[in-house]
Every structure is written in C-alpha cells, then in structure tokens.
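One structure below.
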Ligand SMILES: Cc1cc2nc3c(=O)[nH]c(=O)nc-3n(C[C@H](O)[C@H](O)[C@H](O)COP(=O)(O)OP(=O)(O)OC[C@H]3O[C@@H](n4cnc5c(N)ncnc54)[C@H](O)[C@@H]3O)c2cc1C
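Numbering (this note's numbering), first residue to last: 149 to 629.
Take a look at the structure:
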C-alpha cells in the first residue's frame with residue numbers, strides 16, 4: 149500500500165472505527181481526559197483561527213498514556229494534531245473535522261530543578277511563565293522570553309524552536325534544550341534525557357524534534373538548561389533618522405557592553421505612532437523619527453552595569469548613532485517602553501485586514517528590503533498600511549500589514565516573501581511554517597532539502613498521522629511538495 153492509498157484508507161475507515169477508537173482512547177485517559185462535541189468547540193481555537201472542529205480532544209497525563217494514544221491512532225490510521233498552549237501564529241494546530249487533537253495541558257509538572265547542575269526536568273505542558281516564576285527562588289532563570297509567555301508551553305516552545313526577545317544573548321529554544329523524551333507515531337518512547345551541555349555521542353537526535361512542529365513525534369518531557377538569574381537591568385529607547393544608524397548602533401553596543409546586551413528591538417515609526425496615539429501608551433520620545441530601538445542589558449551589579457550602559461550610550465550618541473535616547477529609571481518606565489513594542493492589539497485593530505509576517509535576512513540588507521516591500525505594497529494598495537518591528541539583533545523582522553481585502557491574501561504575501569529570494573532570507577524566522585507559510589517554503593528551502601525532510605517524515609511517521617499536511621505535503625517519492 150502506498151502512503152497516498154493509506155491516506156484514503158484512513159478517511160474511509162474513520163467513521164467505521166471512530167466509535168471503537170474513541171472508546172479505547174477514553175479507556176486510556178479516563179472520562180475527563182476525552183473531550184467531544186460542544187466541549188471541543190468551547191476551547192480556545194488558537195491565534196487567527198475559528199472554532200475548533202475535531203472528532204475529539206484527548207488529554208493525556210503521562211508519557212505512557214501518550215504512547216498508548218499514538219499506538220491506537222497509528223493502528224487505526226487516525227490523523228492527530230498536537231495542541232500545546234495554542235499561541236502559535238502559523239495555524240500549525242489547526243484541525244480538520246476528522247482529526248483528533250492531543251492536548252498536552254495536563255502534563256504540566258516541573259519534575260525537578262537542579263541548582264548545582266543548572267538544569268530542570270519538566271513535562272511538555274508546563275507554561276513558560278509559570279516555569280520562570282518557579283525558578284526565581286533558586287536564583288536561576290530560563291532565558292527564553294516572548295509575548296506568548298502566559299500561555300505557550302515548553303513543549304510547544306521546543307516544537308517551534310521559539311525565539312523571542314533575548315535570542316541575541318542566549319540563543320533560540322534549540323540552545324536551551326539539553327534532552328528530550330519523545331513519543332513516535334507508532335507509540336515508541338525515545339528517551340534522550342541528556343542533562344549535560346557537552347555530549348558528542350553520535351547524532352544529536354533531539355534536534356530533529358526541535359522545530360519540527362509536532363510532525364515527527366510528541367515531546368513529553370524536556371531537560372532544560374538554566375542560567376544565573378540577572379539582578380540588574382538597564383533599558384533605553386533610542387530614535388534615529390536612518391536605519392544605517394540602528395545597524396551600526398547594534399554592533400557598537402554589543403561590542404562595548406561586554407556580553408551584557410540582552411535585547412535589541414526595532415520599532416519603526418508606523419508601529420510606534422499607532423501605539424502612542426492619545427489614549428494608548430505614553431510616548432517616551434516624540435513620534436517624529438523613522439526608527440526606534442529598545443536596548444536592554446541584564447547583569448549582576450546594578451550600579452556598575454548602569455554606569456557602563458550610560459557611558460556606552462553616551463559614546464554612541466557622540467558617534468551620531470542615534471538622535472535621542474531615554475533611559476528607564478524605574479520598573480514602571482521599563483514596562484512602559486516594552487509595552488510599546490509588545491502591544492499588538494492596536495495595530496491589529498487599525499490595520500485591517502491584518503496580516504502578520506516573521507522573516508529573517510542579513511541586517512545589512514534590511515533597509516533595502518523594507519523599502520522594496522513598502523514600494524511594492526503601496527503600488528498595489530496606495531492606502532495600505534505597513535509597519536516593521538522585531539528582533540533586529542537576530543536579523544529578524546516582523547512585518548504588520550493592513551491592505552487590500554480578504555481575497556488579496558496571496559498578493560500581500562507575495563509582496564513580503566518574494567523579495568527574500570534576493571537576500572537568501574527566510575520566510576519564517578521563529579514562528580514556523582504550519583499551514584500559513586507552507587506555499588512559500590520553497591523560497592527558503594531547496595528541492596533536495598525538502599526531499600530529505602520528506603524522507604525523514606516517512607521514516608518516523610509512515611502512516612502520516614502526525615500533523616498531516618503541515619509544513620509540507622509529504623508523499624513517498626514526491627520530492628516533498
Ligand atoms: C503575543 C504573542 C507574541 C509572540 N511572540 C513570539 C516571539 O517573539 N517569538 C516566537 O518564537 N514566537 C512568538 N509567539 C508565538 C508562540 O508563542 C510560539 O510559537 C510558541 O513557541 C508556541 O508554543 P505553544 O505551546 O503555544 O504551541 P502551539 O501553538 O500549541 O503549537 C505550535 C506547534 O507545536 C506543536 N506542538 C505543541 N506542543 C507540542 C509537543 N509537546 N510535542 C510536539 N509538538 C507540539 C503543535 O502541533 C504546533 O505544530 C508569540 C505568540 C503570541 C501570542
């Protein structure tokens with residue numbers, strides 16, 4: 149039987165096996181663990197998605213339950229979609245009516261924190277923010293930090309290889325994970341719970357599952373690397389007339405701050421203006437410059453670090469790397485500056501229909517790219533709105549657009565994605581591919597790469613039950629798309 153035949157078989161069989169499978173699943177997770185009907189519809193559908201439509205949502209409590217669930221579904225050819233905190237932006241958790249969702253929300257135990265080794269063992273459903281709170285009393289931190297912190301799960305962070313605000317200092321999720329436990333499509337449990345930073349004993353299997361968006365296995369546990377908790381922080385907002393200044397300032401600050409630089413975020417005038425309109429956030433600097441950047445350091449000695457931060461900023465000013473700057477003098481002021489960057493509600497409201505993009509390209513090409521995308525968009529929709537922001541220190545730009553109508557989605561996407569070919573850029577810096585970016589994946593991945601991805605998928609999930617149709621359409625011998 150070919151894989152394509154297998155797909156058809158599972159769809160035909162699904163009604164026939166459905167009730168038996170649901171009864172078997174209920175036996176595995178207990179009555180409270182299986183949601184159907186209205187209970188499914190009442191759930192959070194995720195970002196940019198309507199009501200959930202799925203045969204059922206299964207909520208395992210242990211790795212063994214995940215294993216039994218997957219074995220039952222694999223044997224029945226039942227497609228499943230893993231649900232983490234549902235904060236992803238690329239519709240990777242979207243289900244079809246015939247799918248079963250597996251929610252990791254009940255696997256939320258922090259099993260151990262080892263201050264000496266600076267590691268923790270957690271279940272996949274632990275919420276990022278709760279984990280960070282639990283580390284405080286140990287004087288440790290988990291440095292991944294992103295706007296979805298209150299809902300995203302550590303398993304979801306690993307599955308999407310999440311980035312966020314502090315990548316410039318600590319790296320993405322890939323660099324925070326030391327070990328994993330994962331359940332394969334056929335129910336096999338692979339325990340790779342390494343707890344050392346150095347371990348060169350053959351293939352680093354965990355990396356295969358990190359960033360694979362639930363398409364190769366379900367992550368059930370993680371060993372995470374922890375860092376010393378910073379006790380000092382300094383935050384400044386600067387503005388500049390030219391992007392070139394911002395790019396130079398990034399290198400200047402990083403080079404002189406001796407490893408303390410922890411965030412360097414761009415906000416362009418369009419985004420800054422939307423969020424600092426009267427009645428929204430107070431503008432720490434007037435909204436009259438094309439570019440703004442939030443610069444933050446984290447360290448261990450407030451007085452010493454503040455002195456260094458201020459002197460480096462002063463030197464940057466003398467070099468003409470920005471026009472004006474304001475330093476946060478209290479936690480309230482710091483939060484006020486970050487709110488301008490993190491609040492997306494106003495832009496979603498004002499930019500309609502709203503499109504959000506997350507791309508990466510070399511910092512040196514960013515200005516030309518922004519000009520090119522803006523010109524192409526305005527040519528087609530002169531009244532269209534566009535804003536750029538993002539983790540510029542990591543070569544990561546978020547693009548917010550309000551242009552055209554609902555039928556113009558593809559044309560708007562083309563404006564943003566096509567120019568990336570010129571710079572060897574990526575259509576997804578940190579959000580993943582899911583369904584949202586699937587049609588554009590070939591801009592960033594070659595045909596041989598896609599072919600190999602397809603072979604890996606086929607090896608680990610021959611019945612294609614895990615997040616079927618996400619990232620790419622895998623079929624044996626198709627070369628991936
Ligand atoms: C306001 C806001 C700001 C954000 N900012 C950032 C940012 O700066 N940087 C960034 O990278 N992201 C950001 N995000 C996106 C999002 O928070 C991340 O992608 C996050 O890592 C998703 O985690 P989740 O638990 O919500 O996963 P979900 O959205 O539930 O799932 C995402 C994918 O992972 C899979 N998955 C989930 N759990 C598992 C598991 N245990 N095993 C296998 N597969 C699994 C799902 O099937 C899906 O494919 C932001 C989101 C919001 C709402």
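For every residue, glycine included, the Cβ atom is placed at its ideal position computed from N, Cα and C.
Looking at the backbone, the Cα of residue 262 and that of residue 285 are separated by about 12 Å. A contact between stretches requires three or more CB pairs, one per stretch, nearer than 8 Å, and the stretch 538-557 meets this requirement with the stretch 409-416.
Nearest Cα to residue 421 within the set 494, 354, 579, 480: 494. Sequence-distant Cβ neighbours of residue 353 in its own chain, meaning closer than 6 Å and more than five residues away, are 340.
The stretch 392-404 makes no contact with the stretch 354-366; the number of CB pairs closer than 8 Å stays below 3. In this chain, the alpha helix (DSSP H) harbouring residue 563 covers 557-565. Within the stretch 466-525, the complete beta strand (DSSP E) segments of 3 residues or longer fall at 472-475, 502-508, listed in chain order. Taking 7 Å as the cut-off, the C-beta of residue 237 counts as close to a heavy atom of ligand 1. Exclusion of residue 286 from the 7 Å shell around ligand 1 follows from its C-beta lying no nearer than that to any non-hydrogen atom of the ligand.
Exclusion of residue 269 from the 7 Å shell around ligand 1 follows from its C-beta lying no nearer than that to any non-hydrogen atom of the ligand.
For residue 221, the CB stays at least 7 Å from every heavy atom of ligand 1. Relative to ligand 1, residue 308 has its C-beta within less than 7 Å of a heavy atom. Residue 344 counts as exposed, since fewer than 16 other C-beta atoms from the protein chains shown sit within 10 angstroms of its C-beta. Under a 10 Å Cβ-count criterion, residue 426 is classified as exposed, with fewer than 16 other Cβ atoms of the shown protein chains found around its own Cβ. Residue state for residue 585 is assigned as coil, using DSSP reduced to three classes. As far as DSSP is concerned, residue 389 takes part in no beta bridge. Here residue 221 has 228, 613 as same chain residues with Cβ atoms under 6 Å from its own Cβ, once five neighbours each way along the sequence are excluded. Not one heavy atom of ligand 1 falls within 7 Å of the beta-carbon of residue 563. For residue 333, the shortest C-beta to heavy atom distance toward ligand 1 is 7 Å or greater.
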